[in-house]
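Q: Respectively, the protein sequence lines represent chains A and B. For the first sequence, our numbering assigns the number 1 to the initial residue and increments by one for each residue that follows. For the second sequence, our numbering assigns the number 1 to the initial residue and increments by one for each residue that follows.
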Amino acid sequence: MDLDLTEEQQMVIDMTRGMLAEHSTTAIVRDMEDDPKGYPDTLWKQMSELGLNGLLIPEAYGGGGQTLLEGAFVYEEIGRAMAPTPHFVSCVMSAGVLLEAGSEDQKQAWLGRIANGDAILTPAWLEPQRGFGEAGIALEATADGDGFNLNGRKRLVAFASSAERLIVLARTAAGVDLFLVDPRAKGVQMKQLLSQGREAQYQIDFADVRVSSADRIGAAGSGWKTWHTVMLQGVILLAGSAVGGASRCLEETVNYANQRVQFDKPLGAFQALSHYMADASTRIDFGPMAKLFCCETYRETTRVCAQIWGGVAFTIEYDQQMFFRRAKALQLSWWDTPYLEELIAQDVLDR
Amino acid sequence: MDFDFSPVEQAFADEVDTWLVENHDPVVMDHHRENFSQLSDTPERRAFMKKLAAKGWLGMSWPKEYGGKEIEGVYEYILNEALSKHAAPQIGKGVGIIGKTLIRHGSDKLKKEFLPKVLDADVEFAVGYSEPAAGSDAANMQLKADKVEGGYLLNGQKMWTTSAHFADWYWVGARTDPEKAKHDGLSLFLIPMDHPGLEVQSLPTIGKDTTNQVFFENVFVPDEYLVGKRGRGFHMISEALDLERFTMFTLSPIAHRTEVLVDWVKKAKRDDAPLKDDPNVRRTIAQIVTDTAVAKGLSTRFVCAAKSGGKPPTIESSQYKLFTTSLSQRVCKDALDIQGHEGTLMEGQDDAPIMGRFEGAYRATMNETVGGGSSEIQKNIIARRHLGLPKNF
Numbered sequence: 001m002d003l004d005l006t007e008e009q010q011m012v013i014d015m016t017r018g019m020l021a022e023h024s025t026t027a028i029v030r031d032m033e034d035d036p037k038g039y040p041d042t043l044w045k046q047m048s049e050l051g052l053n054g055l056l057i058p059e060a061y062g063g064g065g066q067t068l069l070e071g072a073f074v075y076e077e078i079g080r081a082m083a084p085t086p087h088f089v090s091c092v093m094s095a096g097v098l099l100e101a102g103s104e105d106q107k108q109a110w111l112g113r114i115a116n117g118d119a120i121l122t123p124a125w126l127e128p129q130r131g132f133g134e135a136g137i138a139l140e141a142t143a144d145g146d147g148f149n150l151n152g153r154k155r156l157v158a159f160a161s162s163a164e165r166l167i168v169l170a171r172t173a174a175g176v177d178l179f180l181v182d183p184r185a186k187g188v189q190m191k192q193l194l195s196q197g198r199e200a201q202y203q204i205d206f207a208d209v210r211v212s213s214a215d216r217i218g219a220a221g222s223g224w225k226t227w228h229t230v231m232l233q234g235v236i237l238l239a240g241s242a243v244g245g246a247s248r249c250l251e252e253t254v255n256y257a258n259q260r261v262q263f264d265k266p267l268g269a270f271q272a273l274s275h276y277m278a279d280a281s282t283r284i285d286f287g288p289m290a291k292l293f294c295c296e297t298y299r300e301t302t303r304v305c306a307q308i309w310g311g312v313a314f315t316i317e318y319d320q321q322m323f324f325r326r327a328k329a330l331q332l333s334w335w336d337t338p339y340l341e342e343l344i345a346q347d348v349l350d351r
Numbered sequence: 001m002d003f004d005f006s007p008v009e010q011a012f013a014d015e016v017d018t019w020l021v022e023n024h025d026p027v028v029m030d031h032h033r034e035n036f037s038q039l040s041d042t043p044e045r046r047a048f049m050k051k052l053a054a055k056g057w058l059g060m061s062w063p064k065e066y067g068g069k070e071i072e073g074v075y076e077y078i079l080n081e082a083l084s085k086h087a088a089p090q091i092g093k094g095v096g097i098i099g100k101t102l103i104r105h106g107s108d109k110l111k112k113e114f115l116p117k118v119l120d121a122d123v124e125f126a127v128g129y130s131e132p133a134a135g136s137d138a139a140n141m142q143l144k145a146d147k148v149e150g151g152y153l154l155n156g157q158k159m160w161t162t163s164a165h166f167a168d169w170y171w172v173g174a175r176t177d178p179e180k181a182k183h184d185g186l187s188l189f190l191i192p193m194d195h196p197g198l199e200v201q202s203l204p205t206i207g208k209d210t211t212n213q214v215f216f217e218n219v220f221v222p223d224e225y226l227v228g229k230r231g232r233g234f235h236m237i238s239e240a241l242d243l244e245r246f247t248m249f250t251l252s253p254i255a256h257r258t259e260v261l262v263d264w265v266k267k268a269k270r271d272d273a274p275l276k277d278d279p280n281v282r283r284t285i286a287q288i289v290t291d292t293a294v295a296k297g298l299s300t301r302f303v304c305a306a307k308s309g310g311k312p313p314t315i316e317s318s319q320y321k322l323f324t325t326s327l328s329q330r331v332c333k334d335a336l337d338i339q340g341h342e343g344t345l346m347e348g349q350d351d352a353p354i355m356g357r358f359e360g361a362y363r364a365t366m367n368e369t370v371g372g373g374s375s376e377i378q379k380n381i382i383a384r385r386h387l388g389l390p391k392n393f
């Protein structure tokens with residue numbers, strides 16, 4: 001097994017890190033918290049220009065045609081910088097759904113524009129009092145003539161205010177279907193809800209929202225399979241993001257532990273504290289690209305790091321709190337721990 | 001060792017609880033402020049403390065000559081547990097460490113000036129021990145107190161003075177004798193919080209509330225506002241912490257969160273099925289409830305040890321603090337894990353589970369394993385004083 005990076009991979013990492021160091025400083029990340037739009041145009045433009053928005057989209061559709069491995073490297077940097085960007089919802093999940101099941105017309109219409117950052121698409125998936133599984137999709141799509149009427153409520157739809165299309169997971173007579181829905185369509189109502197990770201999240205109500213059959217992605221009843229397949233790719237990238245966040249959080253903590261003196265010694269000289277950091281680094285360095293493991297690593301790292309920073313980690317002024325909140329929010333989003341455990345258990349035990 | 005309250009103690013606990021139910025006021029009692037709900041920081045909360053004073057519940061353990069009832073500290077523990085269960089302001093600094101230190105070491109002038117005000121809930125204190133370089137290393141205070149004609153001139157900075165923005169008086173440790181050993185060069189002072197040389201700067205926290213840092217610029221303190229003997233500051237601080245375990249930290253808020261979570265899980269549904277039927281949820285709840293019962297046991301243990309007189313229950317108290325603060329964080333984490341993606345919604349957002357209580361509590365409890373003696377400090381205390389292991393720092 002070759003664990004060394006190729007020159008190209010290292011270049012992508014360096015380029016991404018350099019760009020984010022300038023365009024996703026913690027001051028910028030703070031500014032974007034609870035912002036209705038949630039991302040800065042300058043960052044988005046940079047990501048497009050460097051080819052990051054099209055990274056995983058095939059060259060035939062205007063992208064860079066890279067693999068999930070390159071994607072994970074980029075996501076580690078996105079996580080390190082806590083970059084406020086609709087990249088995941090648009091360039092990973094929405095593009096992924098279209099690539100997996102979209103018609104040629106749908107791919108032609110959207111993939112190129114997603115890749116160059118011109119269009120943002122976002123999935124409308126989760127619902128109140130419903131889980132991450134197929135049974136969680138209750139929003140109704142009732143067949144009516146050559147189209148459907150959508151009725152129901154979606155939650156935690158990220159960056160919806162900037163979206164040109166929503167990819168709505170809905171229940172039809174055939175099962176779960178995916179629809180491209182214009183958020184400006186009649187009957188769509190959006191409301192921003194504040195959440196732990198403080199990214200732009202929306203609750204969206206659908207009241208007799210009309211969609212045509214041409215806006216369905218994939219064959220009737222194939223929506224859940226498509227979604228699940230794309231999620232399996234998505235969580236790999238989020239695992240990378242968690243590792244990035246955890247490693248930055250730890251790095252800053254190690255620096256602090258080397259400088260901060262109590263009882264006439266730097267904090268790092270106390271074994272009780274240095275062992276916390278050693279444990280965290282083992283998890284981070286070893287971390288396979290599994291969201292279950294990496295998100296727990298991220299959360300646990302932010303917890304022990306807060307312990308080392310002491311009181312200042314509790315203040316808004318220090319950046320630690322941003323990692324602390326994001327780590328837990330990421331763990332609870334895009335398949336949480338119980339859901340991932342069940343998937344893995346099924347894979348191991350039920351096959 | 002008797003683990004139950006005596007009939008008289010139990011009757012007092014019932015009396016306080018009934019009174020708190022009768023005097024329920026959502027403006028005064030707010031569970032969503034988590035640990036900050038113990039502060040008397042608004043006019044309504046101060047009026048509430050006046051009512052407690054009128055009930056004769058302030059200074060119960062003080063000697064009669066200072067207006068107390070000379071009853072056991074356990075009554076103050078019972079009172080604070082009841083207050084914190086209802087998220088009402090608690091008795092603490094005035095009745096506890098400050099009042100008791102003044103009684104033991106204060107001049108007649110300071111006793112006369114402050115003790116009646118404490119009993120009548122007419123004064124709120126801020127406590128200034130921590131500094132940028134004096135966190136876990138509490139004796140490392142650097143705030144300078146230079147001897148001048150008729151008093152002391154204070155210059156420097158304090159951190160984490162939670163009550164600085166509303167208190168009337170500041171109870172401050174400062175270095176009067178820098179040439180002496182670290183623990184022997186500190187003295188205690190009382191300073192009016194509106195002193196023009198004090199500058200209070202807000203430090204917003206990751207929870208709902210704010211704490212403060214306070215800057216001292218040529219703050220003159222007359223000799224008579226030096227508390228006790230010069231150079232005995234750290235010893236008085238340690239003694240007060242050792243003697244005053246009863247009002248230090250309460251279990252009720254954690255027990256309350258467990259209760260609230262259990263109530264919610266009983267009713268909640270996911271994908272139309274009762275959440276309580278999920279075996280993972282059942283297991284998590286069983287663990288939380290068990291650990292909450294253990295915390296209750298540890299709390300009873302240190303209260304019994306404190307009641308029995310003799311040496312201060314330092315070890316019991318450290319074990320309780322270590323276990324309970326970690327449990328407190330775990331309950332919040334587990335609650336969010338049970339709630340899943342909806343757990344990320346903040347207070348005030350459309351039907352956030354339990355009105356966003358645990359999203360907020362996850363943040364608000366982050367500091368519990370740090371403030372009031374970090375978990376690592378508690379472990380050092382247990383290792384050295386209980387197990388007799390050598391000092392290793």
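Note that beta-carbon positions come from the ideal geometry of N, C-alpha and C, so glycine has one too. Bear in mind that the values here come from a model prediction, so they are computed numbers and not experimental data.
1) Run through the stretch 40-82 of chain B for me and flag every whole alpha helix (DSSP H) of 4 or more residues, listed as ranges in chain order.
2) Can you tell me where the beta strand (DSSP E) holding A:L69 begins and where it ends?
3) Could you pull out every residue in the same chain whose Cβ sits closer than 7 Å to the Cβ of A:L121, ignoring the five residues on either side in sequence?
4) Can you give me the Cβ contacts of B:Y320 inside the same chain, cut-off strictly under 6 Å, excluding the 5 residues immediately before and after it?
5) Would you check if the distance between the CB atom of A:V188 and the CB atom of A:V157 is smaller than 7 Å?
6) So is the beta-carbon of A:W309 under 6 Å away from any non-hydrogen atom of the ligand ADP?
7) Between B:E44 and B:V28, is the Cβ-Cβ spacing less than 7 Å?
8) Going along chain B in order, which residues have a C-beta closer than 7 Å to the C-beta of A:L193?
9) Name, please, each residue of chain A whose Cβ falls closer than 7 Å to the Cβ of B:T369.
10) Name, in chain order, the residues that DSSP records as bridge partners for A:R153.
11) For the stretch 325-343 of chain B, enumerate the residues whose C-beta is nearer than 9 Å to any C-beta of chain A, in chain order.
12) Quick check: the Cα distance between B:V8 and B:F249, rounded to an integer number of angstroms?
13) Using C-beta distances below 6 Å, list every residue in its chain close to A:Q192, excluding the 5 sequence neighbours before and after it, in chain order.
14) Using a Cβ cut-off of 9 Å, pull out every chain A residue sitting near B:D291, in sequence order please.
15) Using the beta-carbon count (16 or more within 10 Å), is B:P390 buried or exposed?
16) Indicate whether A:A306 and A:Q196 have their beta-carbon atoms separated by less than 7 Å.
17) Touching or not, the stretch 292-301 of chain A and the stretch 256-275 of chain A, by the rule of three or more beta carbon pairs under 8 Å?
18) Which whole-angstrom value describes the C-beta separation of A:F159 and A:P86, a residue pair presumed to lie in contact below a C-beta threshold of 8 Å?
19) Check B:P279 in the structure and name its three-state DSSP category.
20) Determine whether the beta carbon atoms of A:L250 and A:A280 lie at a separation below 7 Å.
21) Against A:G197, what residues of chain B qualify as contacts under a CB-to-CB distance less than 9 Å, listed in chain order?
22) With a threshold of 7 Å between beta carbons, is A:G124 in contact with chain B?
23) To which residues of the same chain is B:L102 closer than 8 Å at the C-beta, ignoring the five residues directly before and after it?
24) Show which residues of chain B have a CB atom less than 9 Å away from the CB atom of A:G133.
25) Please classify A:R326 as buried or exposed, where buried requires at least 16 neighbouring CB atoms within 10 angstroms.
26) Would you report the Cα separation of B:I288 and A:A239, rounded to the nearest angstrom?
27) Chain B partners of A:K328, CB-CB under 7 Å?
28) Is the stretch 193-211 of chain B touching the stretch 69-89 of chain B in the sense that three or more CB pairs, one from each, lie closer than 8 Å?
29) Does A:L340 pass the burial test, meaning 16 or more other C-beta atoms within 10 Å, or should it be called exposed?
30) Identify the contact partners of B:W264 in chain A, using a Cβ-Cβ distance below 9 Å as the criterion.
31) Do you know how far the Cα of B:R175 is from the Cα of B:D223?
32) For B:D177, which residues from the same chain have a beta carbon less than 6 Å from its beta carbon, with the 5 sequence-adjacent residues on both sides left out?
33) If we count the other Cβ atoms within 10 Å of its Cβ and call it buried at 16 or more, is A:M1 buried or exposed?
34) Let me confirm a value: B:M1 is counted as buried when at least 16 other C-beta atoms fall within 10 Å, else exposed. Which label applies?
35) Assess, as a yes-or-no matter, whether the stretch 128-140 of chain A is touched by the stretch 268-287 of chain B under the definition of 3 or more beta carbon pairs within less than 8 Å.
36) Spell out a yes or no on whether the stretch 49-58 of chain A and the stretch 11-21 of chain A are touching, meaning 3 or more CB-CB pairs, one atom from each, closer than 8 Å.
A: Once the coordinates are examined:
1) 43-54
2) A:L69 -> not in any beta strand (DSSP E); alpha helix (DSSP H) instead, spanning 68-81.
3) S90, S94, W110, I114, A163, E164, R165, I167
4) L298, S299, F302
5) no
6) Annotation note on the ligand ADP: not contained in the displayed structure, which lists no ligands.
7) yes
8) L345, Q349, D350
9) Q307
10) A:D205
11) Q329, K333, L336, D337, I338, Q339, G340, H341, E342, G343
12) 23 Å
13) P36, Y202
14) Under the 9 Å cutoff, chain A gives no residues; its nearest Cβ is about 17 Å from B:D291.
15) exposed
16) no
17) no
18) 4 Å
19) helix
20) yes
21) T344
22) A quick correction: the sequence has Ala, not Gly, at residue 124 of chain A. With 7 Å as the cut-off, A:A124 does not count as an interface residue toward chain B.
23) L110, K111, F114, L115, V227
24) D271
25) buried
26) 28 Å
27) L336, Y362
28) no
29) buried
30) Residues of chain A passing the Cβ test: none, with the nearest at roughly 12 Å.
31) 15 Å
32) G185, G231
33) Any reading at A:M1 must be qualified, since the residue scores a pLDDT of 47, below 50, and its modelled position is unreliable; no value is offered.
34) Note on B:M1: pLDDT 45, under 50, position unreliable in the model; the coordinate value appears next. The residue is exposed, with fewer than 16 neighbouring Cβ atoms inside 10 Å.
35) yes
36) yes
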